[in-house]
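K.L.:
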Amino acid sequence: MPLDPARPKLRGAMAAIPVEAFYLTPGASGSLQQQIRTMVTQGILAGRFRPGSRMPSSRGLAEHLGVSRITVTLAYADLVSSDYLTSAGRSGYFVSDTAPLAPEFPQAGPPEEAIDFKGLTGGRFTLVPRVERPQDWDRYPYPFIYGQADPTLFDHQNWRQCALRALGKRDFAALTTDYYERDDPLLIQELLRTILPRRGIAAREDEVLLTLGAQNALWITATALLGPGRRAVVENPGYAAWRAIVAATGATAVPVDVDAQGLPVQGLVADVVFTTPSHQCPTNATMPVDRRVALLEAAEAQGFVIIEDDYEFEMSFLKPVAPALKSLDRGGRVIYAGSFSKSVFPGLRLGYLVGPPGFIAEARALRGLMLKHPPGHIQRTMAYFLGLGHYDALVNRMKNAFRRRRQVMAEAIGAEGLEVAGQGGFGGSSFWMRAPDGVDTEALALRLRADGVLIEPGRAFFAGEGPGNYYRLAYSSIALPKIAEGVTRIAQAIARR
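Position in the sequence shown counted from 1, then plus 1129, gives you our numbering.
#1: From the DSSP secondary-structure annotation, give me the bridge partner or partners of F1283.
#2: Which residues mark the beginning and the end of the beta strand (DSSP E) in which N1365 is found?
#3: Based on the DSSP secondary-structure assignment, which residues constitute the bridge partners of I1464?
#4: Tell me the DSSP secondary structure of E1548 in three-state form.
#5: Is A1512 helix, strand or coil when you go by DSSP?
#6: Identify, in the order they occur along the chain, each residue of the same chain with its Cβ nearer than 7 Å to the Cβ of D1133, setting aside the five sequence neighbours on each side.
#7: Any idea which residues DSSP pairs G1593 with across the strands?
#8: Helix, strand or coil: how does DSSP classify M1130 here?
#9: Which residues share a DSSP beta bridge with S1559?
#10: Bridge partners for E1585 per DSSP, in chain order?
#11: Starting from F1301, follow the alpha helix (DSSP H) in both directions and report where the run begins and ends.
#12: Could you say which of V1148, F1590, G1172 lies nearest to C1410 if we only look at CA atoms?
#13: Enumerate in chain order the residues of its own chain whose CB-to-CB distance from A1613 is below 6 Å, with the five nearest sequence positions on each side excluded.
#14: Kindly confirm or deny that the region 1496-1510 and the region 1305-1313 touch, where touching means at least three C-beta pairs closer than 8 Å.
#15: Determine the contact status of M1538 and E1548, defining contact as a CB-CB distance below 8 Å.
#16: Identify which residue in L1321, Y1604, I1435 has its Cα closest to the Cα of G1460.
#17: Go to F1403, then tell me how far its beta strand (DSSP E) extends in each direction, as first and last residue.
#18: Can you give me the Cβ contacts of A1608 inside the same chain, cut-off strictly under 6 Å, excluding the 5 residues immediately before and after it?
#19: DSSP on L1500, reduced to helix/strand/coil?
#20: Could you round the C-beta distance between L1347 and W1371 to whole angstroms and report it? I think they count as a contact, below 8 Å.
#21: Buried or exposed: which applies to Q1162, given that a residue is buried once 16 or more other Cβ atoms fall within 10 Å of its Cβ?
#22: In this structure, does DSSP put L1249 in helix, strand or coil?
#23: Who are the Cβ neighbours of I1464 in its own chain at under 6 Å, not counting the five residues just before and after it?
#24: When you compare each of T1215, N1529, M1168, A1512 to P1180 by their alpha carbons, which one comes out closest?
#25: How would you call S1606, buried or exposed, if buried means at least 16 neighbouring beta carbons within 10 angstroms?
#26: Locate the beta strand (DSSP E) running through P1384, then write down its first and last residues.
#27: Taking just the CA atoms, how far does A1603 sit from Y1275?
#28: Can you find the residues in the same chain that come closer than 6 Å, C-beta to C-beta, to A1494, ignoring five residues on each side of it along the sequence?
#29: Give the secondary structure of V1398 by DSSP, where H, G and I count as helix, E and B as strand, and everything else as coil.
#30: If you measure between the beta carbons of V1148 and G1176, is that distance less than 8 Å?
#31: Hey, A1231 and P1384 are a contact pair by Cβ (cut 8 Å); roughly how many whole angstroms apart?
#32: Please report the straight-line C-alpha distance between Y1440 and V1363, rounded to a whole angstrom.
#33: Using 8 Å as the threshold, is the C-beta distance between S1468 and G1342 below it?
#34: Return the first residue and the last residue of the alpha helix (DSSP H) that T1378 is part of.
#35: Round the Cβ separation of L1315 and Y1481 to the nearest angstrom and send it over; I've been treating them as touching at under 8 Å.
#36: For the region 1418-1428 against the region 1391-1399, do three or more pairs of beta-carbon atoms, one drawn from each stretch, fall closer than 8 Å, so that the two count as touching?
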């Protein structure tokens, strides 16, 4: 009997792949069709399914897996279109002779680490104090964890639609183009049109640079402005990563204790002053306008540059938001850092810098040495999300939810007699708390974790050793009905110290 001309050329007599080589893993992500595709592609790329091997029939594999035959047929058809399989009509499906293959190298164990890299680097980065948070924080019933997105508030549908639009043929260039050191002009226009004006900031295209979140923006700014022999003011308590960034540049960090109105102005002597005036991190204090003006006057008189991290300005729901420092700047001394991480979701990793053209040009060149630009698809998706009004709707929904949660938490804190060290009068998403003297909140956090409660110990926010009895309670990710019980458990744990 002549060979079927449609059948692929086989490399020798290849055996059929047994149906037992396939199984569905309970709880695996993706549709059944996607899981079947994954099993086949992984088998081919790992070399277990060789070119020319016959696949199980669609009927046989469907019966073995307990799925419909059409599910297997569609998965096979998809694999044919990707050249993993080839169809030979009635003869069935075979692994394609031209299917992608992983390179074959001899397997070797991991090499011995002969170099003491921590000693070589001085542990400058791994030894930096940080706020420890469990990776599986969302599995805890009472997560008072700061900065995570709440899936019940996020606009999944419209974000998906914007992402799909950005994946379309009309946006193919925005998706695939290497912008070199430029940014998506559509997102830049939306920033200039919708985001910066509500902070009172008027800027041009050459005064804006996109970054991978606010922390990346701060790293770029510090690297461009600081170095050995220079001094940078850090708020105390304050954003722990900023102290680490300053140290990495070789500059001297100058801690300045904050008060109920944020960073004091008197006596500032530095090359760079960092501040979080909208909601001071972590106390939530909002710097009043007269102190902002005084800070700008001090910058002019002393000759320093101000880095304004406009932290959580969208979450001012108790009072109208105060004008940004950058909006009051007439001498070009303020570098403004903003981010979408808190208002959209932290995994977005998209932020921006606003500053004088000379600084932005230098920052753009520096960013180009590390990364050319944030991913084009993310930039274009965010541009559509802003332009279609979805961002404003999301922020409004978050404000309303946070207002309710804040009220419930304030009532629970008062009922349990816990002490608020700083809550701010404009909103935000957390309370800065103080436990009684002698309470180590790092040990307290470990005890509470066993009780299903997550808090953030406050020691990492302080320069040097710092007091150990502060902690932060955030309400951005905890369900409203869980707040009161969670606060009660915290109070009980403190009482048992």
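Built from N, CA and C at the ideal position, the CB exists for glycine as well.
Here the structure is a predicted model, which is why all the values come from computation and not from measurement.
P.N.:
Inspection of the coordinates gives the following:
#1: In the DSSP output, where bridge partners are listed per residue, F1283 has none listed.
#2: 1360-1365
#3: I1436
#4: strand
#5: helix
#6: Residue placement at D1133 is poorly supported in this model, since its pLDDT is 45, which falls under 50; the coordinates still yield a value, given next. Excluding positions up to five away in sequence, the list reads A1217, G1218, S1220.
#7: Paired residue(s): none; G1593 is not in a bridge.
#8: Confidence at M1130 is low in this model, with a pLDDT of 39, below 50, so the placement of that residue is unreliable and no value is reported for it.
#9: A1603
#10: Under DSSP, E1585 forms a beta bridge with R1601.
#11: 1301-1305 is the extent of the alpha helix (DSSP H) around F1301.
#12: F1590
#13: A1541
#14: yes
#15: Between M1538 and E1548, the C-beta spacing is not below 8 Å.
#16: I1435
#17: 1401-1404
#18: Sequence-distant partners of A1608 (beyond 5 residues in either direction) whose C-beta falls short of 6 Å from its own C-beta are missing from its chain.
#19: coil
#20: 6 Å
#21: buried
#22: helix
#23: Once the five neighbours on either side are set aside, the close Cβ partners of I1464 are T1350, I1436, G1484.
#24: T1215
#25: buried
#26: Segment 1381-1386, the beta strand (DSSP E) holding P1384.
#27: 5 Å
#28: none
#29: coil
#30: Not a contact, by the Cβ cut-off of 8 Å.
#31: Rounded, the Cβ-Cβ distance is 52 Å, inconsistent with contact.
#32: 15 Å
#33: yes
#34: Following the DSSP letters along the chain, one finds T1378 inside the alpha helix (DSSP H) bounded by residues 1369-1378.
#35: The Cβ separation is near 14 Å, so there is no contact.
#36: Between the region 1418-1428 and the region 1391-1399, the count of C-beta pairs closer than 8 Å reaches three or more; the two stretches touch.
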